[in-house]
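*Asks:* Submitted below is the structure of interest, expressed as structure tokens.
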Amino acid sequence: MGANVGAAISECIAFLIFMMLIYDVKLNLKKVIMVGLAAFILVLGFAGVDILMGTKSHLGAFVMEILREGPSPIILTFSRKISMNLKLARSTVWVNILLTGIGVIGIFIFGPSRHMKNISNKCPMIFKGFIATIIGCLVTLLVNDSGIVAAATASIYILIPILTISINMIIFNNKQE
1 MGANVGAAIS ECIAFLIFMM LIYDVKLNLK KVIMVGLAAF ILVLGFAGVD ILMGTKSHLG
61 AFVMEILREG PSPIILTFSR KISMNLKLAR STVWVNILLT GIGVIGIFIF GPSRHMKNIS
121 NKCPMIFKGF IATIIGCLVT LLVNDSGIVA AATASIYILI PILTISINMI IFNNKQE
């Protein structure tokens, strides 16, 4: 698809999920499908503008190829994305950063202290931002050629605030006791 289309999809989904979370909209399958549909419409809008303007971007070429050949370019594109992510998983340090991020977040969520629950109680809006960012990371992992690198980079925006908030909570809880 090319040229940051994956980023547009990821950010659209993360933003819509964040908006739904901060307005306490209950997520269900129908709403998740609507978010996916909104991202699809966004990409179609970009493709339409691209085709109407006559520019030769990856997205415009991809859409024209789908119109000529049917759905097979979609399958080829996603198989290429999966292949590239598997190649990167074997050859880049970014997979270690991503796994470390997943591990730290997992410990905070599922650990005996249920630390993320404390963060969600004390900083609910920040916690909702974490959830939206995690979803954005997962979507990025799925839709980008170098999804591992992009998701690992984006996970830094979750890890550093979580660690900072956690350290502050520990320090200030100890001072209050």
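The sequence shown lines up with residues 1 to 177 when you count with our numbering. Just so you know, even glycine gets a beta-carbon here, dropped at the ideal spot from N, CA and C.
#1: Hey, quick one: how far does the alpha helix (DSSP H) through L16 stretch, first residue to last?
#2: Check whether the stretch 51-59 and the stretch 157-168 touch, using three or more Cβ-Cβ pairs below 8 Å as the test.
#3: When you compare the CB positions of S10 and N85, do they come within less than 9 Å of one another, or not?
#4: Considering only the beta carbon of each residue, do S72 and F108 sit closer than 9 Å?
#5: If you compare alpha carbons, which of G48, L141, I156 is closest to T100?
#6: Keeping to the same chain, check which residues put their C-beta closer than 6 Å to that of L171; ignore five residues upstream and five downstream.
#7: To the nearest angstrom, how far is the alpha carbon of L67 from that of N168?
#8: Going by DSSP in three states, S57 sits in which element: helix, strand or coil?
#9: Distance, Cα to Cα, V35 vs I17?
*Replies:* Result, derived from the coordinates:
#1: Where L16 is concerned, the enclosing alpha helix (DSSP H) stretches over 5-22.
#2: Cβ pair count under 8 Å is below three, so no.
#3: Here S10 is not near N85, since their CB atoms are 9 Å or more apart.
#4: Not a contact, by the Cβ cut-off of 9 Å.
#5: Ranked by Cα distance from T100, the first of G48, L141, I156 is I156.
#6: Strictly speaking, residue 171 in this sequence is Ile, with Leu absent from that position. Same-chain partners within the cutoff: there are none.
#7: A straight-line Cα-Cα distance of about 55 Å links L67 and N168.
#8: Note: S57 maps to coil in three-state DSSP.
#9: Here the C-alpha atom of V35 lies approximately 8 Å from the C-alpha atom of I17.
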